[in-house]
Amino acid sequence: MKLFQPVHNLDLAMFQWCMARRRRHLLTNIGRAISKTADGWVYALFVFAYAAIDWPHGAHYLKYFLSAFVIERLIYFVLKNGFKRHRPADAIDDFSSFIVPSDKFSFPSGHTSAAFLFVVFVGYLFPALMPLLLCWAVLVAMSRIFLGVHFPTDTVVGAVLGSSVGIVVLNYGAFL
């Protein structure tokens, strides 16, 4: 799509800048560890534990979070399969990512989207944790770039998607 070519060119330049700075083995291991903190089991553990500890309010919160997660995943899958943007390893000659991605396409970043959705919900419950949570979510987004599985705009759109769905569900979830 020619319309997105300037964005893609900028993305390639930013991606290559990042790759030029992350060739150290230690950074790869740190990136892997950060990325793993955004795997789905972490969210499930927190949400179900909170629901059990703070019953019945926690059950209400669980309903909102699960609704938001389903909405976010639906939008994510539509975007992912609609745009079908190749991952950096498939789009750039002689480049290999540092982890094996779970699916074929890169746009948007599902790890980043889920992390920012989680930040909105946990930050709502525990506002004092919001700065720490935001730092964590940004590190997740950066790790996905530095591991070579996403372009920068994949993570930016993932952050916007997760945050937006979280905010909308928290504000209008009574209609679900």
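Going by my numbering, the first residue of the sequence shown is number 9, and it counts up by one from there. C-beta atoms are modelled at their ideal positions from N, C-alpha and C, and glycine is treated no differently.
So, helix, strand or coil for residue i, using DSSP?
{"i": "PHE23", "result": "helix"}
{"i": "PHE103", "result": "coil"}
{"i": "HIS33", "result": "helix"}
{"i": "PHE12", "result": "helix"}
{"i": "HIS119", "result": "helix"}
{"i": "PHE113", "result": "strand"}
{"i": "GLY131", "result": "helix"}
Counting only the same chain and skipping the five closest in sequence on each side, list residues whose C-beta sits under 8 Å from that of residue i.
{"i": "PRO96", "result": "PHE23, PHE103, SER105, SER114, GLY156, VAL157, HIS158, PHE159"}
{"i": "VAL148", "result": "ILE42, SER43, THR45, ALA46, HIS119, THR120, ALA123"}
{"i": "TYR60", "result": "The identity of residue 60 in the sequence shown is Ala, whereas the question assumes Tyr. Closer than 8 Å at the Cβ level, and outside the excluded window around ALA60, lie GLY66."}
Could you check if residue i is buried or exposed, using at least 16 other CB atoms within 10 Å of its CB as the buried criterion?
{"i": "ASP111", "result": "exposed"}
{"i": "GLY174", "result": "buried"}
{"i": "ASP98", "result": "exposed"}
{"i": "PHE126", "result": "buried"}
{"i": "TYR58", "result": "buried"}
{"i": "PRO180", "result": "What sits at residue 180 in the sequence shown is Tyr, not Pro. Classification for TYR180: exposed."}
{"i": "ASP101", "result": "exposed"}
Output needed for residue i: all residues of its chain with C-beta closer than 6 Å, excluding positions within five of it in sequence on either side, in chain order.
{"i": "LEU87", "result": "PRO116"}
{"i": "ARG93", "result": "PHE113, SER114, PHE115"}
Can you name the residues that DSSP bridges to residue i?
{"i": "HIS94", "result": "PHE113"}
Quick check: is any heavy atom of the ligand ATP less than 7 Å from the C-beta of residue i?
{"i": "VAL127", "result": "The model depicted lacks the ligand ATP and carries no ligand whatsoever."}
Can at least three beta-carbon pairs, one atom from the segment 104-116 and one from the segment 159-170, be found at a separation below 8 Å?
yes
Quick check: the segment 11-26 against the segment 145-160, are there 3 or more CB pairs under 8 Å?
yes
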